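Q: Letter by letter, the sequence shown follows residues 0 to 393 in my numbering.
Before we start, here is the structure in question, set down as structure tokens.
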Amino acid sequence: MTDHDRKPGFATTCIHAGQEPEPVTGAVTVPIFQTSTYVQEAFGKPRDGYEYARTKNPTRLALEKQLAALEGGAVAHAFASGMAAETTLMLAFVKAGDHVLVSRNTYGGTYRFFSKVLANFGVTFAYVDTTDAEAVRKAVTPATRMLFVETPTNPTMEISDLAALAAVAKEEGKKLGEKIRVVVDNTFATPFFQKPLALGCDVVVHSTTKYLNGHSDSVGGAVICADAADGAKIGFTQNAAGGILSPFDSFLVSRGIKTLPVRMKAHDTNGRAVAAWLSRHPKVLKVFYPGLPGHPGHAVAGRQMSGFGGMISFDLGSEAAARRLLDRVVICALGESLGGVESLISHPATMTHASVEPEERIRRGITPGLVRVSVGIEDVEDILADLSRALEGV
Ligand SMILES: Cc1ncc(COP(=O)(O)O)c(C=O)c1O
């Protein structure tokens, strides 16, 4: 291969994919096409498929091309939130009577949507330990049509082997004469660290609210399909159901993605340092971070991810201890969400995972003393000093 044949690298793709200069003025940044409709050239002659902005918008399309290139997919679609992306995903790919296998430690909102909304429409869900591919194989039923995997999971950072799960889904689907789609929520890792489609999975979903946008100023979601026909189904359902991302938010997410590689490297450097520091702290009972050698998913994470990122959970033993820490931090902002440049800290049991029943929460390791920190890209010495000061009060 000569230099001339070189495929663009990841950072180049983040900056250039879908981001062609605007044809009228040459504007280097894709403009925010804040329009609901388009004037047609003549009766029955819309311009390049632009008829109505729910169906197609140039700012959203630019982001969708960028997202497809980042994940190595055929087609991407951008939605008003991560949950809107999941809603369209499920409307497109499952129907009454179908059975879906789900990572047992999936995000609380995903669990709520599946178990408290979709279950009312005749879809059944089984929450399985996806860190064990053979347990997943055993859980397949004749009605299984999807395996929904989150890795690392929110908040206990469980790691599932995506290549092994894709192989199980393919083999079991073949026996059934049906396709079992493997869908991966890649929100935590981002395509900078993990590429599920390259590992044989079929679909990636994102809450772009998190690392892809990266600046805590937009709520959005995405579905990226390896297969163009699957992508067309998502596009059809998106247009039918309507949960699209706005032009302004599409602009923000595209802009955020351009710095994804530099941000993720910084999150990873700070994340490793904070996890190592917490694991030595006498008041911290346990640290959940796949970058630590003692983490059960360390070897798989080392194989399928190119970094460990900035998400860490740790157990302080009681809700009272967690409360004391969370009331004392200053730089680590107490709030839901994650993946922004600023460090965010939360209490999963009462915040992100409050919708999960108490017994189920404990089963998933979401104890009253568990604290989750999304390590930002501030100076790491300041983050450590903040946590150190706050832990003194615990
Ligand atoms: C892993 C994961 N998936 C999906 C979602 C839902 O995304 P949104 O909040 O953008 O609807 C979240 C939100 O926290 C998340 O953490």
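Glycine included, C-beta positions come from ideal geometry on N, C-alpha and C.
If you're wondering where the values come from, they're calculated on a predicted model, not measured in any experiment.
(1) Taking its Cβ as the centre, do 16 or more other Cβ atoms sit within 10 Å of Phe187, making it buried, or is it exposed?
(2) For Ser253, is the classification buried or exposed, using 16 other Cβ atoms within 10 angstroms of its Cβ as the cut-off for buried?
(3) Roughly how far, in whole angstroms, is the beta-carbon of Cys331 from the beta-carbon of Ile382, given that I think they are within contact range, below 8 Å?
(4) Helix, strand or coil for Lys232 per DSSP?
(5) Just list the alpha helix (DSSP H) runs in the segment 222-268, keeping only unbroken ones of 4 residues or longer that don't cross its boundaries, in chain order.
(6) Need the endpoints of the beta strand (DSSP E) that Leu369 sits in, please.
(7) Taking the continuous alpha helix (DSSP H) assigned at His479, which residues delimit it?
(8) Give me the Cα-Cα distance between Gly293 and Gly368, rounded to the nearest whole angstrom.
(9) Please state if the CB of Gly255 and the CB of Asn212 are separated by a distance shorter than 8 Å.
(10) In whole angstroms, give me the CA-to-CA distance for Arg414 and Pro246.
(11) Would you identify the three-state DSSP class for Phe192, choosing helix, strand or coil?
(12) When the Cα atoms are used, what is the spatial distance from Phe113 to His280?
(13) Check whether the Cβ of Asp184 sits closer than 7 Å to any heavy atom of ligand 1, and report yes or no.
(14) Quick check for students: name the residue ranges of the beta strand (DSSP E) that lie wholly in the segment 3-56, counting only runs of 3 or more.
(15) For the segment 90-124, which segments carrying the alpha helix (DSSP H) assignment without a break, of at least 4 residues, lie completely within its bounds, in sequence order?
(16) Taking only the alpha-carbon atoms, compute the straight-line gap between Arg322 and Ile158 and give it to the nearest angstrom.
(17) Which one of Val148, Ser249, Lys173 and Lys174 has the shortest CA to CA distance from Gln18?
(18) Rounded to a whole number of angstroms, what is the C-alpha to C-alpha distance between Ala52 and Ala272?
(19) Going by Cα to Cα distance, which pick from Asp229, Ala68 and Ile365 is closest to Asp394?
(20) What residue from Asp184, Thr105, Lys137 and Leu198 has the CA that sits closest to Arg362's CA?
(21) Is there a Cβ from chain B that is less than 8 Å from the Cβ of Glu377?
(22) Quick check on the DSSP output: the beta strand (DSSP E) that includes Glu341 runs from which residue to which?
(23) What does DSSP give as the partner residue(s) for Tyr126 in the beta ladder?
(24) May I ask you to report which of helix, strand or coil DSSP gives Val135?
(25) Taking the Cβ atom as the reference point for each residue, do Gly338 and Phe307 lie within a distance shorter than 8 Å?
(26) Looking at the structure shown, is His297 part of a helix, part of a strand, or coil, going by DSSP?
(27) Please name the residue or residues paired with Ser345 in a DSSP beta bridge.
(28) Does the segment 84-93 touch the segment 193-210, meaning 3 or more C-beta pairs lie closer than 8 Å?
(29) Please identify the residue among Lys64, Ala353 and Val299 whose C-alpha is closest to the C-alpha of Ala162.
(30) For Val148, which three-state DSSP category applies?
(31) Who are the near neighbours of Leu259 in its chain, counting only those whose CB is closer than 6 Å to its CB and skipping five residues on each side?
(32) Are Met156 and Val182 close, meaning C-beta to C-beta below 8 Å?
(33) If you run the structure through DSSP and keep just helix, strand and coil, what is Val203?
(34) Is it buried or exposed for Pro65, if we count other Cβ within 10 angstroms and need 16 for buried?
(35) Any heavy atom of ligand 3 closer than 7 Å to the beta-carbon of Ser249?
(36) Any contact of the segment 117-133 with the segment 67-78, i.e. 3+ C-beta pairs under 8 Å?
A: From the atom records:
(1) buried
(2) buried
(3) 7 Å
(4) helix
(5) 227-240 and 246-256
(6) Leu369 to Ser373
(7) Nothing about residue 479 can be reported from this structure: the residues present for the chain run from 0 to 393 only.
(8) Each residue's Cα considered, the two are about 20 Å apart.
(9) In contact: Asn212 and Gly255 (Cβ atoms closer than 8 Å).
(10) With the chain represented from 0 up to 393, any question about residue 414 goes unanswered, as that position is not in the structure.
(11) helix
(12) 38 Å
(13) yes
(14) none
(15) Qualifying alpha helix (DSSP H) stretches, in chain order: 107-115.
(16) Cα to Cα, the separation comes out at about 28 Å.
(17) Ser249
(18) 45 Å
(19) Residue 394 cannot be examined here, being either before or after the span of the chain that is shown, 0 to 393.
(20) Thr105
(21) Checking the listed chains, one finds no chain B in this structure; it contains a single protein chain.
(22) Where Glu341 is concerned, there is no enclosing beta strand (DSSP E), given that its DSSP letter is neither H nor E.
(23) Val101
(24) Three-state DSSP puts Val135 in a helix.
(25) no
(26) helix
(27) Arg371
(28) yes
(29) Val299
(30) strand
(31) For Leu259, same chain residues with a beta-carbon under 6 Å away, outside a window of 5 residues either side, are Cys13 and Phe191 in chain order.
(32) Judged by beta-carbon spacing, Val182 lies beyond the 8 Å limit of Met156, meaning their Cβ atoms are not closer than that value.
(33) strand
(34) The sequence shown places Gln at residue 65, rather than the Pro named in the question. When all chains shown are included, Gln65 counts as buried.
(35) Ligands present in the displayed structure are limited to ligand 1, and ligand 3 is not among them.
(36) no
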